[in-house]
Amino acid sequence: MFATDVDGVLTDAGMYYAESGDEWKKFNTRDGMGIKLLQRAGIITAIVTQERTKLVARRAEKLAIPELHQGVMDKLLLVSEMAVRHGLTLSQVAYIGDDINDLETLKAVGFSATPADGMPQVAAAVDYICQKKGGEGAVREIIEMILESQRSNVEGRKSKVAVPGSGKRS
Numbered sequence: 046m047f048a049t050d051v052d053g054v055l056t057d058a059g060m061y062y063a064e065s066g067d068e069w070k071k072f073n074t075r076d077g078m079g080i081k082l083l084q085r086a087g088i089i090t091a092i093v094t095q096e097r098t099k100l101v102a103r104r105a106e107k108l109a110i111p112e113l114h115q116g117v118m119d120k121l122l123l124v125s126e127m128a129v130r131h132g133l134t135l136s137q138v139a140y141i142g143d144d145i146n147d148l149e150t151l152k153a154v155g156f157s158a159t160p161a162d163g164m165p166q167v168a169a170a171v172d173y174i175c176q177k178k179g180g181e182g183a184v185r186e187i188i189e190m191i192l193e194s195q196r197s198n199v200e201g202r203k204s205k206v207a208v209p210g211s212g213k214r215s
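Structural data, given as C-alpha cells:
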C-alpha cells in the first residue's frame, strides 16, 4: 500500500485564496500519473490528510484513489487500520509526508520518504529524502522507485533503490 499526505507532498504547501474565498491548490500531473501506474501494478493507493477540502476530494476522485481520508488527526492509527483492512502489515506500507504530524506514521511504516523541502525533523526520521520538492514530482520520484524495485524483484536482479516494505536498500 502507498499512502501520501497532501499539503507539502502532493502540493507545494501553499494555500492560495481569492478575495471571493475560493481556495486553490497546485497538483503535479506527473504525481497523478505515478499514482495511476501504482494502481495498474495492483498497489492500493491512499490519501491521508488533516485538511478537509473539496479540492482534495475532487483530485482523489479524478485519480480513482480508493482510500481518501480527510480530517485525520491520528494518521498512524488510520494507516494501521487501513493496512489491517487490506490484509497488510505496516511493514508493507510506503508513506510520504513532510511535517511533524506525519512523524509517527513515517517511523512506523516499512518505507518512509519526504520531499526535498520536508521539515528537518521529518528528513532526519525517514528512509529516503526526495530530490524533488513537494508538488514538484516528489511523489512520482518515490513511485518510480517502488515500481523499479518491483520490476527488479520480479526479474530476480538486485535493485539499486530502496525496497519499500523493508526500510533497506538492496
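Using this note's numbering, count along the sequence shown one by one with no gaps and you end on 215.
Note that beta-carbon positions come from the ideal geometry of N, C-alpha and C, so glycine has one too.
Note that this is a predicted model, so its numbers are computed, not measured.
query	result
Endpoints, alpha helix (DSSP H) assigned at E106	99-107
CA nearest to the CA of I188, picked from S125, Q95, G79, Q195	G79
Secondary structure of L113, DSSP reduced to three states	strand
Under the three-state DSSP convention, the category S136 falls into	helix
Cα-Cα separation between Q137 and C175, rounded to whole angstroms	20 Å
Environment of G132 [buried if 16+ CB atoms lie within 10 Å]	exposed
V206 - DSSP class collapsed to helix/strand/coil	Only weak support exists for where V206 lies, its pLDDT of 42 falling under 50; the value from the coordinates is given anyway. Coil, per DSSP.
The segment 163-173 / the segment 62-80 touching (three or more Cβ pairs under 8 Å)	no
Contacting residues, own chain, Cβ-Cβ under 7 Å from K152 (five flanking each side not counted)	A170
Y173 versus G155: straight-line alpha-carbon distance, rounded	12 Å
Host alpha helix (DSSP H) of T74 (start-end)	74-85
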